[in-house]
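Undergrad: The numbering of the sequence shown is our numbering, which starts it at 102 and goes up by one. From the three backbone atoms N, C-alpha and C, an ideal C-beta is built for every residue, glycine too.
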Amino acid sequence: MLSNDELNIFQTDSLTVPSLVNNNDNEFNFPQPLLSSEDTFTVLSPVDDETLRIASQLISEIEVNNIDGTHRRDNLVGTDSNDIITGFLGADTLTGGDGKDIFVYTSMRDRRDIITDFEVGQDKIDFTKLLEQIGFTGDDPVASGHVGLQTNDTDAIITIDQDGKDGRAGHISVITLPELGPGARENENFLTEVLIDSNSIEVNNIDGTRSRDNLVGTDGNDTITGFLGIDTLTGGDGKDTFVYTTISPMDGIDIITDFELGQDKIDFTGVLDRIGFTGDDPVASGYVGLGTNRGDPAVNIYRNGGGRGRAISFVRLQGLADDVVDNESFLADVLGLNSDVSVPIVSAELLNDTGEDDSDGITSDPTIIGTINTESEVVSLTAGFNDTSVEDFVDVTTALLEDGTFELDQELLEDVFGDTLTNEAYTLKLQATDSNGNLSEVIELEFTLDLDTVAPIISAELANDTGEDDSDNITSDPTIIGTINTESEIVSLTAGFNETPAEDFVDITTGLLEDGTFELDQELLEEVLGDTLTNGTYTLKLQGTDSNGNLSEVIELEFTLDLDVEAPIISAELANDTGENDTDNITSDPTIVGSVNVEGGIVGLTAGFNETPPEEFVDITDALLEDGTFELDREFLEDILGDTLTNGTYTLKLQTTDNDNNLSEVIEFEFTLDS
Numbered sequence: 102m103l104s105n106d107e108l109n110i111f112q113t114d115s116l117t118v119p120s121l122v123n124n125n126d127n128e129f130n131f132p133q134p135l136l137s138s139e140d141t142f143t144v145l146s147p148v149d150d151e152t153l154r155i156a157s158q159l160i161s162e163i164e165v166n167n168i169d170g171t172h173r174r175d176n177l178v179g180t181d182s183n184d185i186i187t188g189f190l191g192a193d194t195l196t197g198g199d200g201k202d203i204f205v206y207t208s209m210r211d212r213r214d215i216i217t218d219f220e221v222g223q224d225k226i227d228f229t230k231l232l233e234q235i236g237f238t239g240d241d242p243v244a245s246g247h248v249g250l251q252t253n254d255t256d257a258i259i260t261i262d263q264d265g266k267d268g269r270a271g272h273i274s275v276i277t278l279p280e281l282g283p284g285a286r287e288n289e290n291f292l293t294e295v296l297i298d299s300n301s302i303e304v305n306n307i308d309g310t311r312s313r314d315n316l317v318g319t320d321g322n323d324t325i326t327g328f329l330g331i332d333t334l335t336g337g338d339g340k341d342t343f344v345y346t347t348i349s350p351m352d353g354i355d356i357i358t359d360f361e362l363g364q365d366k367i368d369f370t371g372v373l374d375r376i377g378f379t380g381d382d383p384v385a386s387g388y389v390g391l392g393t394n395r396g397d398p399a400v401n402i403y404r405n406g407g408g409r410g411r412a413i414s415f416v417r418l419q420g421l422a423d424d425v426v427d428n429e430s431f432l433a434d435v436l437g438l439n440s441d442v443s444v445p446i447v448s449a450e451l452l453n454d455t456g457e458d459d460s461d462g463i464t465s466d467p468t469i470i471g472t473i474n475t476e477s478e479v480v481s482l483t484a485g486f487n488d489t490s491v492e493d494f495v496d497v498t499t500a501l502l503e504d505g506t507f508e509l510d511q512e513l514l515e516d517v518f519g520d521t522l523t524n525e526a527y528t529l530k531l532q533a534t535d536s537n538g539n540l541s542e543v544i545e546l547e548f549t550l551d552l553d554t555v556a557p558i559i560s561a562e563l564a565n566d567t568g569e570d571d572s573d574n575i576t577s578d579p580t581i582i583g584t585i586n587t588e589s590e591i592v593s594l595t596a597g598f599n600e601t602p603a604e605d606f607v608d609i610t611t612g613l614l615e616d617g618t619f620e621l622d623q624e625l626l627e628e629v630l631g632d633t634l635t636n637g638t639y640t641l642k643l644q645g646t647d648s649n650g651n652l653s654e655v656i657e658l659e660f661t662l663d664l665d666v667e668a669p670i671i672s673a674e675l676a677n678d679t680g681e682n683d684t685d686n687i688t689s690d691p692t693i694v695g696s697v698n699v700e701g702g703i704v705g706l707t708a709g710f711n712e713t714p715p716e717e718f719v720d721i722t723d724a725l726l727e728d729g730t731f732e733l734d735r736e737f738l739e740d741i742l743g744d745t746l747t748n749g750t751y752t753l754k755l756q757t758t759d760n761d762n763n764l765s766e767v768i769e770f771e772f773t774l775d776s
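1. If we ignore side chains and look at the alpha-carbon of each, how far apart do G406 and Y388 end up?
2. Buried or exposed: P283, going by 16 or more other Cβ atoms within 10 Å of its Cβ?
3. Give every residue of the same chain whose Cβ lies closer than 6 Å to the Cβ of T319, excluding the five residues on either side of it in the sequence, and list them in chain order.
4. Given this structure, state the Cα-to-Cα distance separating D566 from N574, to the nearest angstrom.
5. Please go through the same chain and pick out, in chain order, the residues whose beta-carbon is closer than 8 Å to the beta-carbon of T635, but skip the five residues on each side of it.
6. I need the DSSP call for N763, collapsed to helix, strand or coil.
7. Look up G390 in the DSSP assignment and say whether it is helix, strand or coil.
8. Whether or not the region 339 to 349 and the region 364 to 371 are in contact is what I'm after, with contact meaning three or more pairs of Cβ atoms, one per stretch, closer than 8 Å; do they touch?
9. Taking all protein chains shown into account, do 16 or more other C-beta atoms lie within 10 angstroms of the C-beta of T758, making it buried, or fewer, making it exposed?
10. With a threshold of 8 Å on Cβ separation, who are the neighbours of G330 within its own chain once the five nearest residues in sequence on each side are excluded?
11. In this structure, does DSSP put T506 in helix, strand or coil?
12. Report yes or no: do three or more beta-carbon pairs, one from the region 464 to 472 and one from the region 511 to 518, lie closer than 8 Å?
13. Can you look up T324 in the DSSP assignment and give me helix, strand or coil?
14. Between the region 610 to 630 and the region 668 to 684, are three or more C-beta pairs nearer than 8 Å?
15. Alpha carbons only, please: which of T587, D211, T610, G456 is nearest the one belonging to E503?
16. I'd like to know whether the C-beta atoms of G437 and T472 end up nearer to each other than 8 Å.
17. With a 10 Å radius around its C-beta and 16 neighbouring C-beta atoms as the bar for buried, classify A385 as buried or exposed.
18. What's the C-alpha gap between D461 and D496?
19. Give me the Cα-Cα distance between L614 and E515, rounded to the nearest whole angstrom.
20. Measuring alpha carbon to alpha carbon, tell me which residue in I544, L550, F518, L531 is nearest N803.
21. According to DSSP, what are the bridge partners of A449?
22. If you run the structure through DSSP and keep just helix, strand and coil, what is Q644?
23. Helix or strand or just coil, what does DSSP make of T684?
24. For V425, which residues in the same chain have their Cβ closer than 8 Å to its Cβ, ignoring the five residues on either side in sequence?
25. Check whether the region 577 to 597 touches the region 480 to 499, taking contact to mean three or more Cβ pairs, one atom from each stretch, closer than 8 Å.
26. According to DSSP, simplified to helix, strand and coil, what is F660?
27. In the DSSP assignment, find the alpha helix (DSSP H) that holds V425 and state where it starts and stops.
28. Just how far apart, CA to CA, sit N401 and L177?
29. Looking only at its chain, what residues have a beta carbon closer than 7 Å to the beta carbon of T595, apart from the 5 residues adjacent to it on each side?
30. Would you call L726 buried or exposed, if buried means 16 or more other Cβ atoms sit within 10 Å of its Cβ?
31. Could you check what DSSP says for P283 in three-state terms: helix, strand or coil?
32. Let me know if G695 comes out buried or exposed under the rule of 16 or more other beta-carbons within 10 Å of its beta-carbon.
33. So, does the region 759 to 770 touch the region 697 to 704, judging by three or more C-beta pairs under 8 Å?
34. Using a Cβ distance threshold of 8 Å, determine whether the region 196 to 204 contacts the region 180 to 187, with at least three qualifying pairs required.
35. Identify every residue that forms a DSSP beta bridge with V697.
36. Is K754 buried or exposed, if buried means 16 or more other CB atoms sit within 10 Å of its CB?
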């Protein structure tokens, strides 16, 4: 035990301890998060000028937390220690927390995850099982293009391409690492730093002799080669590979005592090379077959393929008799072959066949819909037009939905075509790839595009022609109404005045109604003009565009605006002149009555007393009656004055505004209050 010291040991630390107090317990306590079960440590301490060495002590039972998700969308959060987090299927959100965390991916169907707090240099991503699933056998998945990197302004995105840079499958986004985009772009070794090096996973090579051997593997991954003789092989834990390299009369039937389907495998590459097999599937071609030996399944080799000739039994798989029953993929599993040999089946059709009948392949809407039927997940969909070769197909995987259906709209089809789709016949080609690398046949869909090429037709007129007759286009109300006639949907309406060219027209699509009619009021017209409409003659120009890109002709509507410019006239008097005569404007009742004469409607009436300027007048529009008259009683007048009316002489000022914004003169009415 160290005297009054706390000792923290890390994997790369080299520590010097000043003194060691021997209490005969020799107990050392080490924090576990940064040590693994295979780490060793050495403590050096000078005692009486001599070196005490405690070396190569194995750290055992180091806790690593295994956190597993489900086959659905998960939100997994790690601990403050070291975690191994496997989200499995679904778009998962993963948070490692502190410690050195490993995020494990086992399938191409495990994608669209977000790792919220990935720390480069500490955390790792383990693609080992995923790369095995897609058949990667190389040393560097980054250099081969099987693992890739994309970035945007903020994030780094890890991708998988199941056939690498030389294939056609394309990259699939698997993991998003938020906030790591800028750093990833500046770090050419980014991917190497975030991935677990599969080559660093220790594999123990265990070789036999030319005679009978009893070979036992370790708890790790072993490659066991028995060579000649009748060998008994035990793999132990881990992923074990049992290798056979030759056919010889000196060789007998080996026994593998603990073969585990889905984990261990038998490698017949050397044997198959010697007998001249050059295909992809030795099981389907009959070079590898299944027999029995002492009640257990036995794996046989046929020199001539096709399951013909004498079977040469190589190995008996002890205890797996029950695993053979009703398992058609048993041999494929044993050999580590892809058991899914069914290819995806793609079907496609027009969403809307608008021809004379619904099956003639003629349409004004090129949208294509379809489905992909497969036993595995579809990882890519590619497309090309006409004579485009498969290797030049464009990736349209983004159009795939989770249920295996897809929809390719005109925009996406034009991306594939590389140009605008015009009226003519086309052949669309499609090919899908599943997660096991199986390619569908290239299907072809022929269709003829017959877009509506008839331009929209616009008509427009004044809503209210207020001139001497209703067709002279003279008006005091500039509101324009109209219609657009077209076979397709109208997507825009633009307008300009007088000499404005069409390219500078203002978008007024907001004035369009669903039935193809429109109404442009004075406010909207003034937005088009960029100024207030005053009396004068104007030429309004209009142009419409339909959903097929057809432009109408620019139509012109000329009209003359003749707004009412006569100011309103106000008159006012006492309701009761109680003085010596009825015209001396002396009264005990200050109520004022009056009227406003105007051709248009009144929109405002304001008032003030004595020296109050018009801009500070009080709004008394509420006192106006529909016939243009008004009455202001004592309460109303005191609101205007802002005080109590006492005996004295007052000057009431009034001003009004009509709906053409014409202001009346400020009239003044003087009266004397004598209560």
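TA: Reading from the atomic positions:
1. 4 Å
2. exposed
3. N305, G337
4. 6 Å
5. L662, L664
6. coil
7. strand
8. yes
9. buried
10. G309, T310, R311, S312, R313, D314, M351, D352, G353
11. strand
12. yes
13. strand
14. no
15. D211
16. no
17. exposed
18. 28 Å
19. 30 Å
20. In the structure as shown, the chain starts at 102 and stops at 776, and residue 803 therefore has no counterpart that could be examined.
21. G471
22. strand
23. coil
24. L391, P398, F431
25. no
26. strand
27. 422 to 425
28. 46 Å
29. F606, V607, D608, I609, Q644
30. exposed
31. helix
32. buried
33. yes
34. yes
35. I671
36. buried
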